[in-house]
Amino acid sequence: MQVVFAYRETWLHRVNPVVKLVLSVLLFILVVFTHDINTMLYLTVGALLPLALFSGHPLKRLLLYASPFLLIFISSSTGMMMFGNGHTTWFQLGFIRVTEESFYRGIHLGLRGLQVAAVGLLFSLTTRPVALFYAMMQQWKIPPKYAYSFLAALRMLPIMLEEFQTLRHALKVRGKKKRNPLTGWYTTLRMFAIPLLAQSIRRAHRTAVAMEAKRFSSQKQRTYYYVMTYSSLDIIYTLFIVFLVIFSYVLGETWPILQATDVR
C-alpha cells in the first residue's frame, strides 16, 4: 500500500526535472570545494529558504522529513568539535578536547551536510519519478528500456513492502512465536527472505515478458504520454541558483558572520 501525502503544487514542481538534477549535482560539487565557512553558511540558508517556501509541503512535515538530516548535522558537528585537531584549546575534559579550529571545522561540516540534504530533499519533494524519467528519455535520449525498467523497479517497492507486511501478519496468525534474537535470526531471515525473493523473481520475469511484448527493446522511436519541454521556469530556476552562488561568495567575503575563513 503506497502512502501519498497531499501537497501544494508550486512553480518548482513545473521546472524540468533534468534541469533540477543537473543544478543539484553542480551545487554538490561546488559545496565539496567550498572551504569558507561564511560562504557555506549563506549557501545553506539559500538552500533552506526555497525548501521552506516552495516545496509545497507544510512545515511540520518538512521537519519530519528533515529530522534524520538534523541528527546527522548534530552528530557530525559535535564529533568534529570534540575530537578534531587544533592549537587554541577552548575546553578539555579527558579525551574530549574542543579547540577553535575543530569548532569551526565541525560547524562547516554540519553546514555542508545540511546544505546537500536540503537540495536533495527539495529535488525529491518537487520531482515526480515519472516526470524525471520521461525528461531523461526525451531530453537526454535515454533508451526507453532502461528508463521504464527503473520506473518498474520503483513501482515494485511499495508492493514488496505490502507483501512483507502480509507475510508478517500470516506468520502471526499461524502462531509463530518470537525467537531468541541471538540464535533465531537465521530462521527468521529464511522465513521472510525466501518467499519475498521468489515473488520478486516471478514478478520481474512477468515484467520483462510484458516489456518485450510492448517492444521496449526495439530501437524504434516511441511516442510519450507526457511531453517534457524546457520553459521559462527553467531559466528562472537556473538564474536563482547562479545568483545564490554569487551572493553567497560575495556576502561571505564582505559580510562575514564568523571569524574563521578557510577551515581546511
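Following the numbering used here, the numbering of the sequence shown begins with 1 at its first residue and continues without gaps. Note that the Cβ used here is the ideal one computed from N, Cα and C, for glycine as well.
Counting along the chain, the unbroken alpha helix (DSSP H) around Q138 starts and ends at 129-139. H108 sits buried, since 16 or more C-beta atoms from the chains shown fall within 10 Å of its C-beta.
For Y65, same chain residues with a beta-carbon under 7 Å away, outside a window of 5 residues either side, are L121 in chain order.
The residues F28, V31, in chain order, have a CB closer than 7 Å to that of V116 in the same chain once the five nearest residues on each side in sequence are set aside. A210 is classed as exposed because its beta carbon has fewer than 16 other beta carbons within 10 Å across all chains shown. With the rule of 3 Cβ pairs closer than 8 Å, the segment 81-99 does not count as touching the segment 145-157. A Cβ-Cβ distance of about 6 Å is found for the pair V18 and M136, placing them in contact under the 8 Å criterion. When the beta-carbon positions are compared, F73 and G106 stay at least 8 Å from each other. Here I257 has N38, L41 as same chain residues with Cβ atoms under 8 Å from its own Cβ, once five neighbours each way along the sequence are excluded. DSSP places L21 in the helix class (H, G or I) of the three-state scheme. If you draw a straight line from the Cα of A47 to the Cα of L93, it is about 36 Å long. Scanning W11, Q139, L63, E100 for the CA closest to the CA of V227 turns up Q139. Proximity to V119 across I241, M81, S248 peaks at I241, based on C-alpha coordinates. When only Cα atoms are considered, K145 and L21 end up about 21 Å apart. DSSP places Q115 within a helical segment (H, G or I) once states are collapsed to three.
If you ignore the 5 residues before and after F216, its C-beta comes within less than 7 Å of the C-beta of P144, K145, Y148, all in its own chain and listed in chain order.
Rounded to whole angstroms, the gap between the alpha carbons of S231 and R14 is 9 Å.
8 Å or more divides the Cβ of L26 from the Cβ of T34. Looking at Y237, T99, A52, T254, the one whose alpha-carbon comes closest to that of M81 is T99.
Within a 10 Å sphere around the beta-carbon of S102 sit 16 or more other beta-carbons, which makes this residue buried. The straight-line gap separating the alpha-carbon atoms of W11 and H57 is approximately 13 Å.
By the C-beta density criterion, P129 is exposed, having fewer than 16 other C-beta atoms within 10 angstroms. Here S248 is not near F123, since their CB atoms are 8 Å or more apart. Around the beta carbon of V250, a 10 Å sphere encloses fewer than 16 other beta carbons of the protein chains shown; the residue is thus reported as exposed. In the DSSP assignment, the residues bridged to F91 are V98. Listed in chain order, the non-local C-beta contacts of G252 below 7 Å within the same chain comprise D36, N38, T39, Y42, local neighbours out to five positions each way being set aside.
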